[in-house]
Amino acid sequence: MVTTRHGGVSSGAYATLNLGFHVGDDSEAVLENRRRAASALGADPGDFVFCDQAHGREVRVVSAEDRGRGARTLDDAIGQADALVTSDPGTVLVVMVADCVPIVLYDPVAHVLACVHAGWRGTVARVAEAALAYVEAGTIVGVGTGSTANKFIDALAGMKGHILGAVASSNATAERLAGHGIAVLDLNEALTRVDALSVYIDVADEFDAGRNLIKGGGGALTREKIV
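Using my numbering, you'd call the opening residue of the sequence shown number 129 and step up by one each time.
Right under this line is the structure:
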């Protein structure tokens, strides 16, 4: 499930379905929002597992014993990681994104699930590849929309010797990448050549008035972007 900004109780800059404790919202409102999100899944907040996302490539394997970690307080979240993996069907993995990309990996043979938080730093560090080591046979990959944060292109330009290229989310982004000498990759074409993976490509538009993150002042951290 991917949440939008609608359906919660938070107010002001956090209206309405903010799920993050770490952005300054009222903790009781966040708890109620998480309860509503859990209810929509037919689950309980105590089934959720959150991690302390660090924009790296650390992968943590969790089990039923970890249920509830990070669900009611940041203090007991899984230590710094950007990918959670489980084979327990009752454990709900959670990653939080603004202009980063959520990636879901699922092995339908071994019934192993991974949820990955992939910002540009994590992407360069190959966090998805690190998670894929735990989710192998017949993997199904769900890939989010392209990032809207073009300011990251300048940072990527300084690392172009360490990356194969980048996927553009618009023609303007493609032009900026090319201007920095960064190879522009065709994600759809590349994925269709990966025979080992079952991939579904959604052609829905990235922009929606009810689902956009907000920009400036750290506001992007208070919204869950639809992908």
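Even for Gly, the Cβ is constructed at its ideal location relative to N, Cα and C.
Asked: Restricting to runs no shorter than 3 residues, where is the beta strand (DSSP E) found entirely within the segment 177-210?; Found: 187-189
Asked: To the nearest angstrom, how far is the alpha carbon of Y142 from that of V177?; Found: 22 Å
Asked: Would you list the one or two residues that DSSP bridges to Y262?; Found: In the DSSP output, where bridge partners are listed per residue, Y262 has none listed.
Asked: Do A242 and R185 have their beta-carbon atoms positioned less than 7 Å apart in this structure?; Found: no
Asked: Please report how far the alpha carbon of I310 lies from the alpha carbon of G140, in whole angstroms.; Found: 39 Å
Asked: Please name the residue, chosen from E303, A306 and A294, that lies closest to D314 on a Cα-to-Cα basis.; Found: A294
Asked: Is the beta carbon of V263 less than 7 Å from the beta carbon of V240?; Found: yes
Asked: In chain order, what residues of the same chain lie with their CB nearer than 6 Å to the CB of P173, ignoring the 5 residues before and after it?; Found: R162, R163, A166 and A199
Asked: Among the residues of its own chain, which have a CB less than 8 Å from the CB of V312, if the five just before and after it don't count?; Found: G293, A294, V295, A296, A302, L305 and A306
Asked: Output the boundary residues of the beta strand (DSSP E) element that contains V240.; Found: V240 to A246
Asked: Rounded to whole angstroms, what's the CA-CA distance from A238 to T214? Just pull it up for me.; Found: 11 Å
Asked: Should G135 be labelled buried (16 or more other beta-carbon atoms within 10 Å of its own) or exposed?; Found: exposed
Asked: List the endpoints of the continuous beta strand (DSSP E) containing V229.; Found: V229 to D235
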